[in-house]
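A.B. asks: First the structure, which I've put down as structure tokens, then a few questions once you've had a look.
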Amino acid sequence: MMAEGMDTKAVRMDTIYSLRVNQIDSKSLDSELNAMIETKVNDLESDALRGLSPEVMAFIKAYIWMNTVHRKGSSIGQALLELKYYDLSDNTIVGHLNAYQKSAMVCTQIVFPWLQQRVNSHRIGHYIHIIDNLYKTCDLINGLIFLYNGKYRTCWEAVMRMGTGVQSDHHNWSHNELYLEIMNRELLWHTFAQLLSFVLPLINWYRLKNSCVNTFRSLISSSRPTIESNIGLRVSNDLNNCVICNEWPINGHEIGCRHVFCYYCLMSNFMSDPMNGFTSDNKGIDL
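With the numbering used here applied, the sequence shown closes on residue 307, and no number is skipped along the way.
As structure tokens, this is what we get:
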């Protein structure tokens with residue numbers, strides 16, 4: 021009889037099974053949401069509200085929890101991936117959490133983080149810090165176990181026997197394949213964005229621009245003659261402003277045209293592209 025019950029439970033576990041990557045992603049989505057809300061709360065301009073930021077954060081978490089886990093049985097991250105919590109404390113899997121599990125979730129996700137921010141006593145804070153370190157150690161061990169059996173994402177879920185599974189027994193694998201396709205595309209995009217952020221600073225855009233300008237100028241030079249600038253055309257305003265930075269010229273220099281340059285502005289532009297040099301006013305006056 022016991023073996024038959026265990027077989028029934030195993031079959032039901034298969035019907036609600038969800039991929040480990042989906043469970044981890046749902047946890048990451050919830051963590052990112054909490055971090056985003058906490059950033060917005062810390063950015064409050066009111067000093068009174070900023071001083072009450074732990075209470076404001078706890079109230080927002082409680083409001084979100086009431087409208088997600090308490091009413092629907094799933095967090096925001098789980099709902100996005102069509103997952104939900106299951107009660108695995110009995111021999112049969114229950115599709116909703118009991119009162120003990122919900123109370124324990126409130127304590128671990130709302131009350132304990134609030135205590136960490138609000139306790140001013142050094143002695144109590146020391147004990148809370150020890151408890152937090154012990155929990156993180158246990159959570160690390162549980163994470164390794166989760167990678168093996170895919171049952172409980174966090175340590176407190178394992179203690180309270182709260183599993184994560186698909187919302188419907190008729191959930192087919194095509195949804196999971198779609199999620200994997202979306203996640204693969206997102207991973208590819210993030211990798212490409214990181215590659216661009218690494219490569220783009222290495223490109224000498226000033227030299228590239230000069231090369232394009234010189235190439236274009238050489239193509240049209242036969243049809244349009246180059247007009248040389250003349251120092252005699254210089255006016256008083258040309259002596260008061262550096263053409264590059266538009267400020268008072270520091271250690272002013274000229275290169276044969278009417279303009280005046282800061283030494284730093286002139287040499288920095290020249291050294292950024294020694295091959296093409298520096299051209300002033302697109303008139304062919306080169307350094």
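Backbone N, C-alpha and C define an ideal beta-carbon position, used for all residues, glycine too.
Bear in mind the structure is a predicted one, so any value in this text is a computation, not a measurement.
(1) When we look at the beta-carbon of Ser38 and count the other beta-carbons within 10 Å, is it buried (16 or more) or exposed?
(2) Would Asn42 pass as a contact of Leu101 if the rule is Cβ separation under 8 Å?
(3) Considering only C-alpha positions, which residue in the set Trp85, Leu207, Leu167 is nearest to Gln129?
(4) Straight-line CA distance for Leu160 to Gly183?
(5) To the nearest angstrom, how far is it from the Cα of Met21 to the Cα of Asn162?
(6) Which whole runs of the alpha helix (DSSP H) in the stretch 57-111 are 4 residues long or more, in chain order?
(7) Answer with buried or exposed for Pro269, where buried requires no fewer than 16 other C-beta atoms within 10 angstroms of its C-beta.
(8) How many angstroms separate the CA atom of Ile80 from the CA atom of Ala213?
(9) Which whole-angstrom value describes the C-beta separation of Val61 and Val76, a residue pair presumed to lie in contact below a C-beta threshold of 8 Å?
(10) Grab me the residues of Leu64's own chain with a C-beta within less than 6 Å of its C-beta, minus the 5 sequence neighbours each way, in chain order.
(11) When DSSP labels each residue in this structure, what does Gly272 get in the three-state scheme?
(12) Rounding to the nearest angstrom, what Cα-Cα distance links Thr246 and Arg237 in this structure?
(13) With H, G and I counted as helix, E and B as strand and the rest as coil, what does DSSP make of Thr184?
(14) Three or more C-beta pairs under 8 Å: does that hold for the stretch 254-261 against the stretch 275-290?
C.D. replies: In short:
(1) buried
(2) yes
(3) Trp85
(4) 17 Å
(5) Note that Met21 scores a pLDDT of 36, beneath 50, so its modelled location is shaky and nothing firm can be said.
(6) 67-71, 73-85, 96-100
(7) buried
(8) 33 Å
(9) 5 Å
(10) Arg70
(11) coil
(12) Interpretation of Thr246 is limited by its pLDDT of 49, a score under 50 that renders its predicted location unreliable; the figure taken from the coordinates is listed afterwards. One C-alpha to the other measures close to 9 Å.
(13) strand
(14) yes
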